[in-house]
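Written out below as structure tokens is the structure these notes cover.
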Amino acid sequence: MAISSEEMQHLFSRSEELLDIVRKGREFGQQVLQENERLRYRIVQLEQEAREAAPERHAPLVAALQAENERLKEKLAFLQKRFTEVQRENEDFAQKYVEITQQNEGLANLYVASFQLHSTLDPDEVMGIVKEILINLVGSEEFVILVADRRTGELSPVAWEGDPPAGEGPADRCGGEVTEQVVRSGQAWFAPPGDRPAGTPLACVPLLIKQEVVGAVALFSLLAHKAALAPLDREILNLLAGHAATAIVSSRLYADAERKLKTIESFIDLLKAR
Amino acid sequence: MEKDLRILVVDDSATMRQLIGLTLRKIPGCRVTEAGNGVEAVARLGAGPFDLIVTDIKMPEMDGLELVRRLRGPLGLREIPIIVVTTKGEEDARDAGLRAGASAYLTKPLSGAHLVDLVHQWTAPAPVAGAVREG
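Following this line, the structure appears as structure tokens:
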């Protein structure tokens, strides 16, 4: 059977393509072999690196680092402990600062109260100062100041602040049994926390000269924004117990003496005129 | 060198004037001038400038609110900080003071530390003009 020239042409073309595929296959095989070689070399390299990185080679360095780590941990623990201590000290100092500031304010209040009480010999001014102290320093809204009569010893209100309940005059609002007890004992009285029976004062302090009660101050309520009496308020009230009594009595004695002196002077002038 | 601080304290109560003066004189460089009411305060202000005014509300002749209104109005002292001190703790008293032009307020019984803090706030080198700071 004869092969046509066209068929021959086709067969040649196919054989060329086949040869081309074989050539490419050989090139690919060589590339694979080269890559294989490179990877084997890399494996050898990694094995060598692994041997060099063996723990026993770095044992001294690791031990030194561990020791340093321990030392730093101890240092950190010490610093944390010290920090806590300093923080606590700082809080203590802050607390002490607040306390000292409060004490300073308290001393200033006591100084001013004492200074003002003895700054005048006018009975009205003295009474005004006692009222100012009770309002401005203690923060009392309703109170009554009672003074004992020199002859009968009977207490009567001489100054007050705030309106008494409906139907009552200032004379009716003297603190009742509490005031009587305070006058008898000469000891200040402060209401326990909680509700109080009507007419019972919040606090009552005697006005004392040595052991003699010459009057009393009864507090019935505090200013709206003041919840309760603070320790400093009690100190001021105790200071009032002594200093206000002296100031009130001495100013009254001075006023009496002045009046008597004027009477005597007038009498002498009259005698001289005759 | 400490800053010179001139403060006018206006209160009809000598006790309060002394107490406020005693508290303010602890501030280095502070000089305190006292007045017994609003009328006296206006006279003191005419005699010299002040860095701050502390005034009571309830006073005879001219009360603290009227003093603040006059300072902020006819007298034209709009920049000078004014701290009002009152025995009333109620909101209306505080609001009336602030509406009249006061810078801050304090309630009696007075806290010295609080007063000193307010003075420091309002006499700081660059105060915030027009702002109201709660007392």
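The listed protein sequences derive, respectively, from chains W and L. Residue numbering for the first sequence follows numbering that gives the first Met the number 0, beginning at 0 and increasing consecutively. Residue numbering for the second sequence follows numbering that gives the first Met the number 0, beginning at 0 and increasing consecutively. We put the beta carbon where it would ideally sit given N, CA and C, even for glycine. Here the structure is a predicted model, which means the values were calculated and not measured.
Query raised in the report: Can the beta-carbon of Ala-99 of chain L be found closer than 7 Å to that of Val-53 of chain L?
Result: Looking up residue 99 of chain L in the second sequence gives position 100. Looking up residue 53 of chain L in the second sequence gives position 54. No, Cβ-Cβ distance for Ala-99 of chain L and Val-53 of chain L is not below 7 Å.
Report task. Closer than 8 Å by beta-carbon distance: list the chain L residues that pair up with Phe-114 of chain W, in chain order. Result -> Working through the first sequence from its first residue, we reach residue 114 of chain W at position 115. Here the neighbours are Gln-17.
**Report entry** Gly-111 of chain L: contacting residues in chain W (beta-carbon distance under 7 Å)
**Finding:** Sequence index remark: in the second sequence, residue 111 of chain L carries index 112 (1-based). The answer, in chain order, is Glu-104, Ala-107.
Report task. Within the same chain, show all residues whose beta-carbon is closer than 6 Å to that of Leu-109 of chain W, passing over the 5 residues directly before and after it, in chain order. Result -> For the purposes of this step, residue 109 of chain W is taken as the residue at position 110 of the first sequence. Excluding positions up to five away in sequence, the list reads Leu-238.
Report task. Give a yes or no on contact between the region 173-188 of chain W and the region 36-56 of chain L, applying the rule of three or more CB pairs nearer than 8 Å. Result -> no
**Report entry** Residue of W:Gln-102, W:Arg-251, W:Leu-236 minimising C-alpha distance to Val-157 of chain W
**Finding:** Within the first sequence, residue 157 of chain W is the residue found at index 158, counting from 1. The shortest Cα separation from Val-157 of chain W among W:Gln-102, W:Arg-251, W:Leu-236 belongs to W:Arg-251.
Query raised in the report: Do Pro-200 of chain W and Val-177 of chain W have their CB atoms nearer than 7 Å?
Result: Translated into positions along the first sequence, residue 200 of chain W becomes position 201. Translated into positions along the first sequence, residue 177 of chain W becomes position 178. Yes, the Cβ-Cβ distance between Pro-200 of chain W and Val-177 of chain W is below 7 Å.
Requested in this report: Tell me where the beta strand (DSSP E) around Pro-205 of chain W begins and ends.
Outcome: For the purposes of this step, residue 205 of chain W is taken as the residue at position 206 of the first sequence. That run of the beta strand (DSSP E) goes 202-208.
**Report entry** Simplified DSSP assignment, three categories, for Pro-80 of chain L
**Finding:** Walking along the second sequence from the start, residue 80 of chain L turns up at place 81. Pro-80 of chain L falls in the coil class under three-state DSSP.
Query - Pairwise C-alpha distance: Glu-264 of chain W and Glu-98 of chain W - result: Translated into positions along the first sequence, residue 98 of chain W becomes position 99. Translated into positions along the first sequence, residue 264 of chain W becomes position 265. Those two C-alpha atoms are separated by around 56 Å.
Report task. Check the Cβ of Gly-138 of chain W against every Cβ in chain L and list those closer than 7 Å, keeping chain order. Result -> Taking the first residue of the first sequence as 1, we reach residue 138 of chain W at position 139. Those are Lys-107, Pro-108, listed as they occur along chain L.
Report task. Indicate whether at least one CB of chain W lies closer than 7 Å to the CB of Leu-114 of chain L. Result -> For this step, residue 114 of chain L is matched to residue 115 along the second sequence. So no, Leu-114 of chain L is outside the interface.
Query - Stretch pair the region 7-15 of chain L + the region 27-43 of chain L: three plus CB contacts closer than 8 Å - result: Yes, they touch.
Query raised in the report: Relative to the C-alpha of Arg-16 of chain L, which residue among L:Asp-91, L:Ser-102, L:Asp-94, L:Leu-109 is closest?
Result: Within the second sequence, the letter at position 17 stands for residue 16 of chain L. Nearest C-alpha to Arg-16 of chain L: L:Leu-109.
**Report entry** Contact list for Asn-135 of chain W against chain L, beta-carbon separation under 8 Å
**Finding:** Along the first sequence, read from residue 1 onward, the residue named residue 135 of chain W stands at position 136. Here the neighbours are Ser-12, Thr-14, Met-15, Leu-18, Thr-86, Lys-107, Pro-108, Leu-109.
Report task. Could you confirm whether any beta carbon from chain L is found closer than 7 Å to the beta carbon of Leu-236 of chain W? Result -> As a working note, residue 236 of chain W is residue 237 in the first sequence. Chain L, which has no Cβ nearer than 7 Å to the Cβ of Leu-236 of chain W, makes this no.
Query raised in the report: So is Ala-256 of chain W buried or exposed if we call it buried at 16+ other beta carbons inside 10 Å?
Result: Within the first sequence, the letter at position 257 stands for residue 256 of chain W. It counts as exposed.
Report task. Note down, in chain order, each residue of its chain lying with its Cβ closer than 6 Å to the Cβ of Leu-222 of chain W, except the 5 sequence neighbours on either side. Result -> Translated into positions along the first sequence, residue 222 of chain W becomes position 223. Taken in chain order, the residues that qualify are Gly-138, Glu-140.
Query raised in the report: Exposed or buried, Ile-6 of chain L, counting other C-beta atoms within 10 Å across all chains shown (16 or more means buried)?
Result: In the second sequence, the residue the question calls residue 6 of chain L occupies position 7. Buried: at least 16 other Cβ atoms inside 10 Å.
Query raised in the report: At which residues does the beta strand (DSSP E) containing Asp-55 of chain L begin and terminate?
Result: On the second sequence, residue 55 of chain L is found 56 positions in, with the first residue counted as 1. Looking at the DSSP string, the run of the beta strand (DSSP E) that includes Asp-55 of chain L is 51-55.
Report task. Compare the C-alpha of Ile-144 of chain W against each of W:Val-129, W:Leu-136, W:Glu-153 and name the closest. Result -> Position 145 of the first sequence, counting from 1, holds the residue named residue 144 of chain W. Considering only alpha carbons, the answer is W:Val-129.
Query raised in the report: What distance in whole Å lies between the Cβ atoms of Val-216 of chain W and Leu-18 of chain L, which are believed to be in contact at a cut-off of 8 Å?
Result: By one-based count along the second sequence, residue 18 of chain L stands at place 19. By one-based count along the first sequence, residue 216 of chain W stands at place 217. Not really, about 19 Å apart at Cβ, beyond 8 Å.
Query raised in the report: So Ala-246 of chain W packs on His-117 of chain W, CB below 8 Å; how close in whole Å?
Result: Your numbering for residue 246 of chain W matches position 247 in the first sequence. Your numbering for residue 117 of chain W matches position 118 in the first sequence. The C-beta distance from Ala-246 of chain W to His-117 of chain W rounds to 6 Å, short enough to meet the 8 Å contact threshold.
**Report entry** Whole-angstrom distance between Val-43 of chain W and Ile-20 of chain W, CA atom to CA atom
**Finding:** Within the first sequence, residue 20 of chain W is the residue found at index 21, counting from 1. Within the first sequence, residue 43 of chain W is the residue found at index 44, counting from 1. Approximately 35 Å between the Cα atoms of the pair.
Query - Spatial neighbours of Val-213 of chain W in its chain, beta-carbon cut-off 6 Å, leaving aside the 5 residues before and after - result: In the first sequence, the residue the question calls residue 213 of chain W occupies position 214. Hits under 6 Å: Ala-147, Leu-206, Ala-244, Val-248.
**Report entry** Cβ distance (whole Å) where Gly-37 of chain L is taken to contact Met-58 of chain L below 8 Å
**Finding:** The residue labelled residue 37 of chain L in the question sits at position 38 within the second sequence. The residue labelled residue 58 of chain L in the question sits at position 59 within the second sequence. Indeed, because the Cβ distance is near 6 Å, the residues count as touching under 8 Å.
Query raised in the report: Where does the unbroken beta strand (DSSP E) through Ile-144 of chain W begin, and where does it stop?
Result: Against the first sequence, residue 144 of chain W aligns to sequence position 145. In this chain, the beta strand (DSSP E) harbouring Ile-144 of chain W covers 139-147.
**Report entry** Exposed unless 16 or more other CB atoms sit within 10 angstroms - verdict on Leu-117 of chain L
**Finding:** Here residue 117 of chain L refers to the residue found at position 118 when the second sequence is read from its first residue. Within 10 angstroms of the beta-carbon of Leu-117 of chain L lie 16 or more other beta-carbons, which makes it buried.
Query raised in the report: Does Leu-21 of chain L get closer than 7 Å to chain W when you measure Cβ to Cβ?
Result: The residue labelled residue 21 of chain L in the question sits at position 22 within the second sequence. Yes, Leu-21 of chain L lies at the interface with chain W (some Cβ there is under 7 Å from its Cβ).
Query raised in the report: Are the C-beta of Glu-131 of chain W and some C-beta of chain L separated by less than 7 Å?
Result: For the purposes of this step, residue 131 of chain W is taken as residue 132 along the first sequence, with counting starting at 1. Yes, Glu-131 of chain W lies at the interface with chain L (some Cβ there is under 7 Å from its Cβ).
Query raised in the report: So what does Ala-217 of chain W bridge to, in DSSP terms?
Result: As a position in the first sequence, residue 217 of chain W is number 218, starting the count at 1. BP columns for Ala-217 of chain W point to W:Val-143, W:Cys-203.
Report task. Tell me where the beta strand (DSSP E) around Glu-33 of chain L begins and ends. Result -> In the second sequence, the residue the question calls residue 33 of chain L occupies position 34. Note, Glu-33 of chain L: beta strand (DSSP E), 29-34.
Query - Cβ shell of Gln-101 of chain W (< 6 Å), same chain only, five flanking positions each side left out - result: Taking the first sequence and counting its residues from 1, one reaches residue 101 of chain W at position 102. Same-chain partners within the cutoff: there are none.
Query - As assigned by DSSP and simplified to three states, the class of Arg-195 of chain W - result: Numbered from its first residue, the first sequence carries residue 195 of chain W at position 196. DSSP places Arg-195 of chain W in coil when its eight states are reduced to three.
Query raised in the report: Under 7 Å Cβ-Cβ, which residues of chain L neighbour Thr-245 of chain W?
Result: Your numbering for residue 245 of chain W matches position 246 in the first sequence. By Cβ distance, chain L contributes nothing, its closest Cβ being about 17 Å from Thr-245 of chain W, past 7 Å.
Query - Counted within 10 angstroms of its Cβ, other Cβ atoms place Asp-123 of chain W as buried (16 or more) or exposed - result: On the first sequence, position 124 is the one that residue 123 of chain W refers to. By the neighbour-count rule (16 or more Cβ atoms within 10 Å), Asp-123 of chain W is not buried but exposed.
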